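First the structure, in the form of structure tokens, and then the observations on it.
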Amino acid sequence: MKKFLCVLLACLMVLPLAACANTEDNPDDTSAGTKEANSEEDTRESLDIPDTKYTDVELTFLTRDNGEWTTVDICPQENAQFNQVQDAVYERNEIMKDRYGITICEIQTTTTVADVQKETSAPTGDFQAVVGCLSDTCTMVNNTYLVDLNGEGCEYLDFDKSWWDHGLAENMTIDGHLYFATGDLLTADNDGTFAILFNKKIANEIQLPDMYELVDNKKWTMDKMYEFEQLAFQDKDGDGKLAYDTDICGFAYTGDTPYSLLYGGGVSIITRDEDDNLVYSLDVQRTSDIADKSQLILSKDLTVDMNAAGGSVVEVGQKCFGENHCLYFGECLQCVTRMRSYDVDFGIVPYPKFDEAQKNYCSVMEWVGGVVSIPRSVNNDLEMVCSMIEGMAYYAVPTLTNLYYELNLKTKMAKDEQSGPMIDMILEYRVYDLAYAFQWSGVVGALAGAMKPGSKTKVASASTKYQKQLDKEITKLLQKIEKAENS
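If you want the numbering used here, it's the position in the sequence shown, counting the first as 1, plus 275.
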């Protein structure tokens with residue numbers, strides 16, 4: 276449905292600029308911003324922000340300068356890997372400039388947290404918004420550097436709209452406060468989300484069932500993944516040792532895979548009670564059962580741990596999968612674009628469910644995934660900043676999001692339209708757990724450790740060990756937030 280909407284909006288995008296180019300000639304027209312001038316556009320969900328035309332105003336984002344995770348979705352980058360994405364970013368920003376008179380700018384940095392801390396203590400006005408990784412942003416929340424996006428002055432940010440990630444807005448809210456968000460505004464959140472790439476050549480050779488039908492029929496489970504890994508394994512040189520560049524393994528994975536298997540199994544550590552209080556709610560028995568299945572999936576005689584295979588994770592994983600040496604490749608969606616340099620025909624599916632009874636396939640956005648926030652130094656311009664961010668997210672749907680889907684359905688060998696609904700599913704059912712995002716007490720790391728073969732960590736003991744500390748960290752953050760919001 277999202278892909279259909281993106282295509283529809285791309286067709287309609289030729290209409291709004293002419294419709295709203297003359298707003299200054301009719302200053303009494305207050306309907307703009309809630310209505311589109313062309314009747315065909317009334318089928319779209321409305322953008323409810325003022326249709327103000329600013330003069331010589333810049334909206335500047337502080338963004339990441341971090342190698343392959345450098346921000347590419349706010350301003351066009353001259354040396355970006357894919358020029359089509361930069362064209363889409365440019366198009367969205369030009370729409371904002373033509374309609375609202377806003378020029379989108381950025382300042383890239385390698386020290387996001389330090390820069391925001393400095394700005395909040397001694398405001399310069401150099402930037403008004405921040406696009407950073409999840410881990411840095413949670414550090415800024417802990418230090419109360421950020422504006423509550425649910426608070427006064429942020430009314431134009433409407434997280435019920437389809438261009439925002441509702442799961443993040445709901446599950447990252449703390450005592451009614453929300454300090455960061457993501458959605459169609461960015462692609463870095465999608466790139467940082469974990470999925471399974473499967474090798475179609477190997478799948479056909481070992482006569483696997485259709486992977487897409489398996490997912491659609493709710494039968495893609497951890498048991499199935501282990502079963503298929505065993506079918507795929509081949510010790511091609513007969514030396515009794517599994518090598519990532521000569522043999523065929525069932526699964527090539529990274530250090531983040533245990534987290535994906537943990538949350539893919541349908542558990543959550545922090546939930547809310549009937550009074551909306553944060554509570555520790557780990558299902559110990561289910562998590563123990565997930566750990567048992569995960570240890571089979573990650574069996575050393577069937578899989579390649581890219582962190583331990585020698586060389587860099589990127590080099591090992593890409594070579595292993597790209598040169599047809601593994602059936603499954605567990606990585607973030609950014610790897611889809613990386614794999615296009617290889618002659619490998621592949622598809623995309625979510626991480627498997629614990630069992631067929633589990634309702635949804637669940638995916639994790641890693642700490643490197645991108646989110647947007649606003650520093651507390653923004654005061655008088657807060658409404659403008661929020662409304663323009665809302666507008667950027669809205670106009671990103673037919674430009675940036677549409678292009679992102681188009682690129683991620685392509686391999687070097689073919690275009691895989693069936694992966695589109697899979698990406699929809701992966702992104703729609705992302706899991707946002709406060710314990711994971713804030714890395715409270717180390718409990719998530721301990722549970723992820725229990726997923727690994729040979730682990731001596733017992734889920735029940737880990738849960739008991741870390742629960743009290745986690746409760747203390749929640750209480751401490753709530754106290755910080757209350758103090759900051761009342762100051």
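C-beta: ideal position from N, C-alpha, C; glycine also.
Owing to the predicted nature of the structure, the values given are computational and were not obtained by experimental measurement.
Exercise. Would the region 566-573 and the region 528-545 be scored as touching if the rule is three or more Cβ pairs under 8 Å?
Worked result: Yes: the two stretches touch, three or more of their Cβ pairs being nearer than 8 Å.
Problem set entry | Assigned secondary structure, residue 649 (DSSP; H/G/I helix, E/B strand, else coil) | The residue you call residue 649 lines up with position 374 of the sequence shown. Residue state, collapsed to three classes: coil.
Exercise. When you compare only the Cα positions, how much space is there between residue 728 and residue 431?
Worked result: If you number the sequence shown from 1, residue 728 lands on position 453. If you number the sequence shown from 1, residue 431 lands on position 156. Each residue's Cα considered, the two are about 49 Å apart.
Exercise. Do you know whose CA, among 697, 578, 460, lies nearest residue 676's CA?
Worked result: Locating residue 676 in the sequence shown gives position 401, where the first residue counts as 1. Nearest of 697, 578, 460 to residue 676, Cα basis: 460.
Problem set entry | Helix, strand or coil at residue 430 according to DSSP, with G and I counted as helix | Within the sequence shown, the letter at position 155 stands for residue 430. Note: residue 430 maps to coil in three-state DSSP.
For this session: Use the C-beta contact count for residue 467: other C-beta atoms within 10 angstroms, 16 or more gives buried, fewer gives exposed.
Result: Along the sequence shown, read from residue 1 onward, the residue named residue 467 stands at position 192. It counts as buried.
For this session: Going by DSSP, name the residue or residues bridged to residue 638.
Result: Start at 1 with the first residue of the sequence shown, and residue 638 comes out as number 363. Answer by DSSP bridge pairing, in chain order: 705.
Problem set entry | Nearest-angstrom Cβ-Cβ length linking residue 627 and residue 486, presumed shorter than 8 Å | On the sequence shown, residue 627 is found 352 positions in, with the first residue counted as 1. On the sequence shown, residue 486 is found 211 positions in, with the first residue counted as 1. Their Cβ separation, rounded to whole angstroms, is 11 Å, which puts residue 627 and residue 486 out of contact at 8 Å.
For this session: Please list the segments of the beta strand (DSSP E) lying wholly inside the region 710-734, counting only runs of 3 or more residues, in order along the chain.
Result: none
Exercise. In three-state DSSP terms, what is residue 580?
Worked result: In the sequence shown, counting from the first residue as 1, residue 580 sits at position 305. In this structure, residue 580 counts as strand in the three-state DSSP scheme.
Problem set entry | Residues near residue 443 in its chain [Cβ-Cβ closer than 7 Å; skip 5 each side] | Here the question's residue 443 lines up with position 168 in the sequence shown. 456, 457, 707, listed in sequence order.
For this session: Specify, as a first and last residue, the run of the beta strand (DSSP E) that residue 337 falls within.
Result: For this step, residue 337 is matched to residue 62 along the sequence shown. Per DSSP, residue 337 belongs to the beta strand (DSSP E) from 332-339.
Exercise. Would residue 440 be called buried (16 or more neighbouring beta carbons within 10 Å of its own) or exposed?
Worked result: Looking up residue 440 in the sequence shown gives position 165. The C-beta of residue 440 has 16 or more other C-beta atoms within 10 Å across all chains shown, which makes the residue buried.
Exercise. To the nearest whole angstrom, what separates the beta carbons of residue 411 and residue 452, a pair I think is in contact under 8 Å?
Worked result: For the purposes of this step, residue 411 is taken as the residue at position 136 of the sequence shown. For the purposes of this step, residue 452 is taken as the residue at position 177 of the sequence shown. With a Cβ gap of about 18 Å, residue 411 and residue 452 do not count as contacting.
For this session: Classify residue 421 as helix, strand or coil using the three-state DSSP reduction.
Result: One-based indexing of the sequence shown puts residue 421 at position 146. Here residue 421 sits in strand by DSSP.
Exercise. Who are the Cβ neighbours of residue 558 in its own chain at under 8 Å, not counting the five residues just before and after it?
Worked result: Along the sequence shown, read from residue 1 onward, the residue named residue 558 stands at position 283. Excluding positions up to five away in sequence, the list reads 542.
Exercise. So residue 545 and residue 555 are in contact, right, with Cβ under 8 Å, and what is the actual spacing, rounded?
Worked result: Sequence index remark: in the sequence shown, residue 545 carries index 270 (1-based). Sequence index remark: in the sequence shown, residue 555 carries index 280 (1-based). Right, the Cβ-Cβ distance comes to about 7 Å (below 8 Å), so this counts as a contact.
Exercise. Straight-line CA distance for residue 735 to residue 397?
Worked result: Your numbering for residue 735 matches position 460 in the sequence shown. Your numbering for residue 397 matches position 122 in the sequence shown. So the two alpha carbons sit approximately 47 Å from each other.
Exercise. Does DSSP put residue 677 in a helix, in a strand, or in coil?
Worked result: For the purposes of this step, residue 677 is taken as residue 402 along the sequence shown, with counting starting at 1. Under the three-state reduction of DSSP, residue 677 is assigned to helix.
For this session: Can you tell me the Cβ-Cβ gap for residue 605 and residue 528, rounded? I've got them flagged as a contact below 8 Å.
Result: Walking along the sequence shown from the start, residue 605 turns up at place 330. Walking along the sequence shown from the start, residue 528 turns up at place 253. That pair is a contact at about 4 Å.
For this session: Out of 365, 376, 348, point me to the one whose CA is closest to residue 464's CA.
Result: Reading the sequence shown from its first residue, position 189 is the one you call residue 464. The option with the nearest alpha carbon to residue 464 is 348.
Exercise. How many angstroms separate the CA atom of residue 406 from the CA atom of residue 358?
Worked result: Along the sequence shown, one-based indexing puts residue 406 at 131. Along the sequence shown, one-based indexing puts residue 358 at 83. For residue 406 and residue 358, the distance between alpha carbons rounds to 21 Å.
Problem set entry | Counterpart residues of residue 767 in DSSP-defined beta bridges | The question about residue 767 has no answer, for the chain in this structure spans 276 to 762.
Exercise. Grouping DSSP H, G and I as helix and E and B as strand, with all else coil, what is residue 595?
Worked result: Here residue 595 is taken as the residue at index 320 of the sequence shown, counted from 1. It is helical.
Problem set entry | In DSSP terms, what residue 226 is bridged to | A query on residue 226 cannot be resolved here, the shown segment of the chain reaching from 276 to 762 and no further.
For this session: Taking 8 Å as the cut-off, decide whether the C-beta atoms of residue 364 and residue 350 are in contact.
Result: Counting from one through the sequence shown, the residue named residue 364 turns up at place 89. Counting from one through the sequence shown, the residue named residue 350 turns up at place 75. Going by C-beta atoms, residue 364 is nearer than 8 Å to residue 350.
Exercise. Skipping 5 residues on each side, what residues in its chain have a beta carbon closer than 7 Å to that of residue 745?
Worked result: Mapped onto the sequence shown, residue 745 falls at position 470. Taken in chain order, the residues that qualify are 555, 710, 715, 716, 718.
Problem set entry | Where residue 446 falls, given that 16 or more other Cβ within 10 Å makes a residue buried | Within the sequence shown, residue 446 is the residue found at index 171, counting from 1. Its Cβ being crowded by 16 or more others within 10 Å, residue 446 is buried.
Problem set entry | Backbone secondary structure at residue 352 - three-state DSSP | Within the sequence shown, the letter at position 77 stands for residue 352. Correct three-state label for residue 352: coil.
For this session: Output yes or no for whether 8 Å exceeds the beta carbon distance between residue 641 and residue 531.
Result: Within the sequence shown, the letter at position 366 stands for residue 641. Within the sequence shown, the letter at position 256 stands for residue 531. Cβ atoms of residue 641 and residue 531: closer than 8 Å.
Exercise. When we look at the beta-carbon of residue 609 and count the other beta-carbons within 10 Å, is it buried (16 or more) or exposed?
Worked result: By 1-based counting over the sequence shown, the position of residue 609 is 334. It counts as buried.
Problem set entry | residue 438, DSSP secondary structure in three states | Locating residue 438 in the sequence shown gives position 163, where the first residue counts as 1. Note: residue 438 maps to coil in three-state DSSP.
Problem set entry | residue 322 in three-state terms, based on DSSP | Taking the first residue of the sequence shown as position 1, residue 322 is located at position 47. In this structure, residue 322 counts as coil in the three-state DSSP scheme.
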